[in-house]
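Visitor:
There are 2 protein chains.
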Amino acid sequence: MAKEKDFVKDITSQSEDFSRWYIDTITKADLMDYSPVRGCIVFKPDGYELWEAVVRELDRRFKETGHRNAYFPLFIPESFFEKEKEHVKGFNPELPWVTEVGDEKLEERLAVRPTSETMIGYMYSQWIQSYRDLPLLINQWANVVRWEKRTLPFIRTSEFLWQEGHTAHATPEEAEQETRQMLDVYTDFVENELSIPILRGKKTPSEKFPGAVATYSIEAMMKDGKALQAGTSHYLGDKFARAFDIKFLDRDNERKFVYTTSWGMTTRIIGALIMVHGDDRGLQIPPRIAPTQVIMIPIGPAKTRERVLAASDDVFAQLKQAGIRVRVDDREDLSPGWKFNEYEMRGIPVRLELGPRDLDAEQAVLVRRDTGEKETVALSALTERIQTLLTEIQQSMFDRALAFRTEHSHPVTSLDQLHDVVRNQHGFALAGWCGEDACEAKVKEETGATSRNIPFDPPQQMTHCVACGKESAHTVWFARAY
Amino acid sequence: MAKEKDFVKDITSQSEDFSRWYIDTITKADLMDYSPVRGCIVFKPDGYELWEAVVRELDRRFKETGHRNAYFPLFIPESFFEKEKEHVKGFNPELPWVTEVGDEKLEERLAVRPTSETMIGYMYSQWIQSYRDLPLLINQWANVVRWEKRTLPFIRTSEFLWQEGHTAHATPEEAEQETRQMLDVYTDFVENELSIPILRGKKTPSEKFPGAVATYSIEAMMKDGKALQAGTSHYLGDKFARAFDIKFLDRDNERKFVYTTSWGMTTRIIGALIMVHGDDRGLQIPPRIAPTQVIMIPIGPAKTRERVLAASDDVFAQLKQAGIRVRVDDREDLSPGWKFNEYEMRGIPVRLELGPRDLDAEQAVLVRRDTGEKETVALSALTERIQTLLTEIQQSMFDRALAFRTEHSHPVTSLDQLHDVVRNQHGFALAGWCGEDACEAKVKEETGATSRNIPFDPPQQMTHCVACGKESAHTVWFARAY
Numbered sequence: 338m339a340k341e342k343d344f345v346k347d348i349t350s351q352s353e354d355f356s357r358w359y360i361d362t363i364t365k366a367d368l369m370d371y372s373p374v375r376g377c378i379v380f381k382p383d384g385y386e387l388w389e390a391v392v393r394e395l396d397r398r399f400k401e402t403g404h405r406n407a408y409f410p411l412f413i414p415e416s417f418f419e420k421e422k423e424h425v426k427g428f429n430p431e432l433p434w435v436t437e438v439g440d441e442k443l444e445e446r447l448a449v450r451p452t453s454e455t456m457i458g459y460m461y462s463q464w465i466q467s468y469r470d471l472p473l474l475i476n477q478w479a480n481v482v483r484w485e486k487r488t489l490p491f492i493r494t495s496e497f498l499w500q501e502g503h504t505a506h507a508t509p510e511e512a513e514q515e516t517r518q519m520l521d522v523y524t525d526f527v528e529n530e531l532s533i534p535i536l537r538g539k540k541t542p543s544e545k546f547p548g549a550v551a552t553y554s555i556e557a558m559m560k561d562g563k564a565l566q567a568g569t570s571h572y573l574g575d576k577f578a579r580a581f582d583i584k585f586l587d588r589d590n591e592r593k594f595v596y597t598t599s600w601g602m603t604t605r606i607i608g609a610l611i612m613v614h615g616d617d618r619g620l621q622i623p624p625r626i627a628p629t630q631v632i633m634i635p636i637g638p639a640k641t642r643e644r645v646l647a648a649s650d651d652v653f654a655q656l657k658q659a660g661i662r663v664r665v666d667d668r669e670d671l672s673p674g675w676k677f678n679e680y681e682m683r684g685i686p687v688r689l690e691l692g693p694r695d696l697d698a699e700q701a702v703l704v705r706r707d708t709g710e711k712e713t714v715a716l717s718a719l720t721e722r723i724q725t726l727l728t729e730i731q732q733s734m735f736d737r738a739l740a741f742r743t744e745h746s747h748p749v750t751s752l753d754q755l756h757d758v759v760r761n762q763h764g765f766a767l768a769g770w771c772g773e774d775a776c777e778a779k780v781k782e783e784t785g786a787t788s789r790n791i792p793f794d795p796p797q798q799m800t801h802c803v804a805c806g807k808e809s810a811h812t813v814w815f816a817r818a819y
Numbered sequence: 338m339a340k341e342k343d344f345v346k347d348i349t350s351q352s353e354d355f356s357r358w359y360i361d362t363i364t365k366a367d368l369m370d371y372s373p374v375r376g377c378i379v380f381k382p383d384g385y386e387l388w389e390a391v392v393r394e395l396d397r398r399f400k401e402t403g404h405r406n407a408y409f410p411l412f413i414p415e416s417f418f419e420k421e422k423e424h425v426k427g428f429n430p431e432l433p434w435v436t437e438v439g440d441e442k443l444e445e446r447l448a449v450r451p452t453s454e455t456m457i458g459y460m461y462s463q464w465i466q467s468y469r470d471l472p473l474l475i476n477q478w479a480n481v482v483r484w485e486k487r488t489l490p491f492i493r494t495s496e497f498l499w500q501e502g503h504t505a506h507a508t509p510e511e512a513e514q515e516t517r518q519m520l521d522v523y524t525d526f527v528e529n530e531l532s533i534p535i536l537r538g539k540k541t542p543s544e545k546f547p548g549a550v551a552t553y554s555i556e557a558m559m560k561d562g563k564a565l566q567a568g569t570s571h572y573l574g575d576k577f578a579r580a581f582d583i584k585f586l587d588r589d590n591e592r593k594f595v596y597t598t599s600w601g602m603t604t605r606i607i608g609a610l611i612m613v614h615g616d617d618r619g620l621q622i623p624p625r626i627a628p629t630q631v632i633m634i635p636i637g638p639a640k641t642r643e644r645v646l647a648a649s650d651d652v653f654a655q656l657k658q659a660g661i662r663v664r665v666d667d668r669e670d671l672s673p674g675w676k677f678n679e680y681e682m683r684g685i686p687v688r689l690e691l692g693p694r695d696l697d698a699e700q701a702v703l704v705r706r707d708t709g710e711k712e713t714v715a716l717s718a719l720t721e722r723i724q725t726l727l728t729e730i731q732q733s734m735f736d737r738a739l740a741f742r743t744e745h746s747h748p749v750t751s752l753d754q755l756h757d758v759v760r761n762q763h764g765f766a767l768a769g770w771c772g773e774d775a776c777e778a779k780v781k782e783e784t785g786a787t788s789r790n791i792p793f794d795p796p797q798q799m800t801h802c803v804a805c806g807k808e809s810a811h812t813v814w815f816a817r818a819y
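Residue numbers (the working numbering), protein chains in the order written: chain A, 338 to 819; chain B, 338 to 819.
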């Protein structure tokens, strides 16, 4: 479907206008389109393919940790939301309501789910009877809707795709352990598959999930220095158990409330991938998650075409056999130079060029998307070299993102400094906080930054509250955020 | 979560009450639960796992035939439905409407999608410009909602999961070929993975999809002799192209309407699987689709337990290595006899028993779920024998279902005969039809049977209309249907 004229236009540079760069990039790379429904996007095949890769890798990890998938109804009766007060308050303004079916009014309004704690809580109250039914470890892949005032493709859309894990346990300790385990699973996935370094920590009370006892998050730095919450894991204590009367008969013959958790990752992770790794030439997809890892481009004059195509078929078969995700672009009506630009823009990690002179010398040319480095490799060593190269690129992309984040993270001891870091230096500020909501609100008001989380392992302890100067209770990451 | 007491109750026999047998079976096998939302079920892990297997096998086939996945919005603006008159008429009574978000009324009502022809038609009108953009071959995995008056778990629920393929082509021939190709894909999947023999044919005009030019279906016979439509493929001509102005610039420099198709298979296929193969002992899952193909049950007295478990670990590893989906149930608090019953009820194709005397003789016992046949196999030959056995079971299940259908299918030449076949003999009737809607309606009124399809290859041609006696235009399958 590519037409040569589409891709010669430039992408706005990141330094000129990061937001425009983002929209230019995802549009040109054909990842999405706007839909006629406000705040909803269409995930086009190249964008959806990234989500399929995310699903594959996360789903494998969920199953390895003993979780099973299930599917619960899209609609949630209004009365269910009323059962957990903080929960209904948190979600109410964003809820789409089904009030009619065909020509008939419904007796009770049905919300389109923004998350499924209430529905799943109700079902768990039916399913859990005894300690033998615990732990109950279930995940759901689903669409959810939260009507957003300001939307941004992938990052914040009214409808999005996600997974939501919901587990029930006999003790608070076990539930807290599950909450932390799933944060570990997210960390492993995001750092090792997506090459995105993350900051792990606990949300402040004002930023936690409506209805949670504690929310843990992983936060990543985008290339404009803003933060993106990439995944959350909630310890819900017995709050939903009490709201939905989820009780079990314990070994000691007493009926007790269960302790529950929930945890989610959404299609916004695709936005993070783009904003962490992309550059002025377009996307950069880390090899482990890339639907296509190697793009092969046969080159040379028409008279050598047959010979080059035959050789490229061989190389293709050999790479595919080795489990490398490879594609060949042998379209005749497009120049090699145009194709080079196109696949750089689409972020394919490695380009493989094969021409008649390469064949004479029994070699091929490999070009890295991340550094632009070119190397010549003997055909006999090609598979092995590409495998190593993909591993190197995966690590380099992580290292580069980590160096960027380190460079843009600063300890601060005053609101002025914090303002300077998040506004002028486009970075994260590490600051002390006394624990008062008012001080957190003051930071937000004066700098636009929100608390990201209270890190498990802060690079240093900050001793005084950045807002009031009193002794700090926590060391906190502050940043402007998506 | 299994408790010994749950599984000793009997399942209602099929001959006593097929409907109760169905509900008993899916409930005991823990496949689903009713939800608090009318007509919506919860897909519990064992039920959802069957859907995951269906998705895996269908998705592979869609990709092999050049389709890519995408995702479109859940909500469809009311005005979109108005654009195709038959379409809106067909779906209107079943549509849930979102009329409010938070506390605000929406200006235009949004339907929760019952299918996505209209939304996708609109997007295609944006994406398709030239013949180079064709064919456009997209599939979507999604939830859809059609508010049903009478529901039955899996078979007919208000919300269900499905895939919907939507393609656009330059010519009617190409679109018709796609329509037929996808019917072939469904046939291959249902017959070879699910061991369900199907009848392929064209729907009569009164039974076709609202807005289609032609609908093709695959129909299967359940064990109560009723029909279930297992998949449909629609040729939409240029009707949606005209409704949504989807045009392309052809090679001859003229702007032309595209020709579109759509095709879908839903979670009701799980219901078909159960009703075709299940028996009075519970489910029977064909090996190729079974999440667990072999259940290993270590047996023998406590003192030999350690030795048997060590050996069963070895066998497990060896089978898993060979790609066989195997599980071990080594729970100590449940008797082997109870486990045998449980896994028969759950429909696991092969049971593997391993005890101390088997180990002495270097052998194991295999039991087929479908026939109950037992055989003793040398441990050294076990993997190979199981692989062959799984293939045999897959084929036997198909053969048995085909024999059942053949036995319950009869040519008829009068309404009395037709009535007798569908009501008393619980089967399908092959009958002539003149082509008049009135005659089709008369059959339905007098016998409760609907036309299933006009088969591509009827076992024989029926020369006169079963209702009016005039010369027949088509030979048609009639049956009572789910």
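Even for Gly, the Cβ is constructed at its ideal location relative to N, Cα and C.
Bear in mind that the values here come from a model prediction, so they are computed numbers and not experimental data.
1. Would you say Gly427 of chain B lies against chain A (beta-carbon separation less than 8 Å)?
2. Can you look up Phe653 of chain A in the DSSP assignment and give me helix, strand or coil?
3. How many angstroms separate the CA atom of Lys750 of chain B from the CA atom of Glu744 of chain B?
4. Using a Cβ-Cβ distance cut-off of 8 Å, determine whether Tyr459 of chain A contacts chain B.
5. Might you give, ordered along the chain, the residues of its own chain that have their beta carbon closer than 6 Å to the beta carbon of Lys540 of chain A, omitting 5 neighbours on each side?
6. Could you have a look at Leu447 of chain B and say whether DSSP puts it in helix, strand or coil?
7. Taking Cβ positions, are Thr598 of chain A and Ala507 of chain A nearer each other than 8 Å?
8. Please work out which residues of its chain come closer than 6 Å, Cβ to Cβ, to His801 of chain B, disregarding the five sequence neighbours upstream and downstream, and give them in chain order.
9. Mind listing the chain A neighbours of Arg405 of chain B? Cutoff is C-beta to C-beta under 8 Å, in chain order.
10. Alpha carbons only, please: which of A:Phe581, A:Pro623, A:Val780 is nearest the one belonging to Val527 of chain A?
11. Are three or more beta carbon pairs between the region 609-622 of chain B and the region 402-410 of chain B nearer than 8 Å?
12. Tell me, please, whether the region 704-712 of chain A touches the region 640-647 of chain A by the rule of three or more beta-carbon pairs shorter than 8 Å.
13. Please state the DSSP three-state secondary structure of Val345 of chain A.
14. Given this structure, state the Cα-to-Cα distance separating Gln822 of chain A from Thr713 of chain B, to the nearest angstrom.
15. At a CB distance below 8 Å, what residues from the region 491-505 of chain B approach chain A? Give them in sequence order.
16. Under the rule that 16 or more other beta-carbon atoms within 10 Å means buried, what is Asn761 of chain A, buried or exposed?
17. So, are the CB atoms of Ala818 of chain A and Thr787 of chain A less than 8 Å apart?
18. Return the residue from the list A:Met602, A:Lys593, A:Met612, A:Tyr461 that minimises the CA-CA distance to Asp361 of chain A.
19. Between Ala557 of chain A and Lys420 of chain A, is the Cβ-Cβ spacing less than 8 Å?
20. In chain A, which residues lie less than 8 Å from Asp370 of chain B when you measure between Cβ atoms?
21. To the nearest angstrom, report how far apart Gln463 of chain A and Leu473 of chain A are at their CA atoms.
22. Does the contact criterion of 3 or more C-beta pairs under 8 Å hold for the region 490-498 of chain A versus the region 603-612 of chain A?
23. Can you list, in chain order, the stretches of the beta strand (DSSP E) that have 3 or more residues and sit fully within the region 399-445 of chain A?
24. Please report the distance separating the alpha-carbon of Glu415 of chain A from that of Leu471 of chain A.
25. Give the list of continuous alpha helix (DSSP H) stretches no shorter than 4 residues that lie fully inside the region 493-555 of chain A.
26. Unbroken alpha helix (DSSP H) runs of length 4 or more, entirely within the region 678-726 of chain A: which are they?
27. Please tell me whether Ile378 of chain A and Pro451 of chain A are closer than 8 Å, where the distance is taken between their beta carbons.
28. For Gly548 of chain B, count the other beta carbons within 10 Å of its own beta carbon; 16 or more makes it buried, fewer makes it exposed. Which is it?
29. Quick check: what's the CA-CA separation for Val702 of chain A versus Ala740 of chain A?
30. Kindly indicate if chain A contains any beta-carbon less than 8 Å away from that of Cys802 of chain B.
31. Are the C-beta atoms of Ser392 of chain B and some chain A residue less than 8 Å apart?
32. Please list the terminal residues of the continuous alpha helix (DSSP H) segment that includes Leu620 of chain B.
33. Which first and last residues belong to the alpha helix (DSSP H) in which Gly608 of chain B is found?
34. Quick one: what's Asn790 of chain B bridged to in DSSP?
35. According to the Cβ coordinates, are Trp434 of chain B and Met519 of chain B closer than 8 Å?
36. Go ahead and label Pro638 of chain B buried or exposed: buried means 16 or more other beta carbons lie within 10 angstroms of its beta carbon, across all protein chains shown.
Guide: Considering the structure as presented:
1. Counted from its first residue, the second sequence places residue 427 of chain B at position 90. Chain A contact via Cβ: absent.
2. Indexing the first sequence from 1 puts residue 653 of chain A at position 316. Phe653 of chain A: helix per DSSP, three-state reduction.
3. By 1-based counting over the second sequence, the position of residue 750 of chain B is 413. By 1-based counting over the second sequence, the position of residue 744 of chain B is 407. Note on residue identity: the sequence assigns Thr, not Lys, to residue 750 of chain B. Cα-Cα distance, rounded: 18 Å.
4. Counting from 1 along the first sequence, the entry for residue 459 of chain A is found at position 122. Cβ-Cβ to chain B under 8 Å: yes for Tyr459 of chain A.
5. Numbered from its first residue, the first sequence carries residue 540 of chain A at position 203. Result list for Lys540 of chain A: Thr552, Ser554, Asn790, in chain order.
6. Within the second sequence, residue 447 of chain B is the residue found at index 110, counting from 1. Looking at Leu447 of chain B - three-state DSSP - the assignment turns out to be strand.
7. Here residue 598 of chain A refers to the residue found at position 261 when the first sequence is read from its first residue. Here residue 507 of chain A refers to the residue found at position 170 when the first sequence is read from its first residue. It is not a contact, given that the beta carbons lie outside the stated cut-off.
8. Your numbering for residue 801 of chain B matches position 464 in the second sequence. In its chain, beyond the 5 residues on either side, Gly769, Ser809 have a beta carbon closer than 6 Å to the beta carbon of His801 of chain B.
9. Within the second sequence, residue 405 of chain B is the residue found at index 68, counting from 1. Residues of chain A passing the Cβ test: Pro382, Tyr385, Glu386.
10. On the first sequence, residue 527 of chain A is found 190 positions in, with the first residue counted as 1. Ranking A:Phe581, A:Pro623, A:Val780 by Cα distance to Val527 of chain A puts A:Pro623 first.
11. no
12. no
13. For the purposes of this step, residue 345 of chain A is taken as the residue at position 8 of the first sequence. Per-residue confidence for Val345 of chain A stands at a pLDDT of 42, beneath the threshold of 50, marking its modelled position as unreliable; no derived number is given.
14. The structure shown has nothing for residue 822 of chain A, since chain A only spans 338 to 819.
15. Glu496, Leu498
16. Looking up residue 761 of chain A in the first sequence gives position 424. Classification of Asn761 of chain A: exposed, given that the 10 Å Cβ count is below 16.
17. Within the first sequence, the letter at position 481 stands for residue 818 of chain A. Within the first sequence, the letter at position 450 stands for residue 787 of chain A. Cβ distance < 8 Å, so Ala818 of chain A and Thr787 of chain A count as in contact.
18. What you label residue 361 of chain A is simply residue 24 of the first sequence in a count that begins at 1. Measuring from the Cα of Asp361 of chain A, the nearest candidate turns out to be A:Met612.
19. Counted from its first residue, the first sequence places residue 557 of chain A at position 220. Counted from its first residue, the first sequence places residue 420 of chain A at position 83. It is not a contact, given that the beta carbons lie outside the stated cut-off.
20. Position 33 of the second sequence, counting from 1, holds the residue named residue 370 of chain B. Neighbours of Asp370 of chain B on chain A, chain order: Met460, Gln463, Trp464.
21. Working through the first sequence from its first residue, we reach residue 463 of chain A at position 126. Working through the first sequence from its first residue, we reach residue 473 of chain A at position 136. Looking at the two C-alpha atoms, the distance is approximately 12 Å.
22. yes
23. 412-414, 433-438
24. Along the first sequence, one-based indexing puts residue 415 of chain A at 78. Along the first sequence, one-based indexing puts residue 471 of chain A at 134. One C-alpha to the other measures close to 28 Å.
25. 509-529
26. 693-697
27. In the first sequence, counting from the first residue as 1, residue 378 of chain A sits at position 41. In the first sequence, counting from the first residue as 1, residue 451 of chain A sits at position 114. Not in contact: Ile378 of chain A and Pro451 of chain A (Cβ atoms no closer than 8 Å).
28. Sequence index remark: in the second sequence, residue 548 of chain B carries index 211 (1-based). Classification for Gly548 of chain B: buried.
29. Translated into positions along the first sequence, residue 702 of chain A becomes position 365. Translated into positions along the first sequence, residue 740 of chain A becomes position 403. Answer to the nearest angstrom: the Cα atoms are 29 Å apart.
30. As a first step, residue 802 of chain B must be located in the second sequence, where it is residue number 465. It does not: the Cβ of Cys802 of chain B has no partner Cβ on chain A nearer than 8 Å.
31. Looking up residue 392 of chain B in the second sequence gives position 55. The sequence shown places Val at residue 392 of chain B, rather than the Ser named in the question. Not one chain A Cβ lies under 8 Å of Val392 of chain B.
32. Taking the first residue of the second sequence as 1, we reach residue 620 of chain B at position 283. Per DSSP, Leu620 of chain B belongs to no alpha helix (DSSP H) and is neither H nor E.
33. Start at 1 with the first residue of the second sequence, and residue 608 of chain B comes out as number 271. Run containing Gly608 of chain B: 605-614, per the alpha helix (DSSP H) assignment.
34. Taking the first residue of the second sequence as position 1, residue 790 of chain B is located at position 453. Its beta-bridge partners are B:Trp814.
35. Walking along the second sequence from the start, residue 434 of chain B turns up at place 97. Walking along the second sequence from the start, residue 519 of chain B turns up at place 182. Result no, Cβ atoms of Trp434 of chain B and Met519 of chain B do not sit closer than 8 Å.
36. In the second sequence, the residue the question calls residue 638 of chain B occupies position 301. Residue environment for Pro638 of chain B: exposed (fewer than 16 other C-beta atoms within 10 angstroms of its C-beta).
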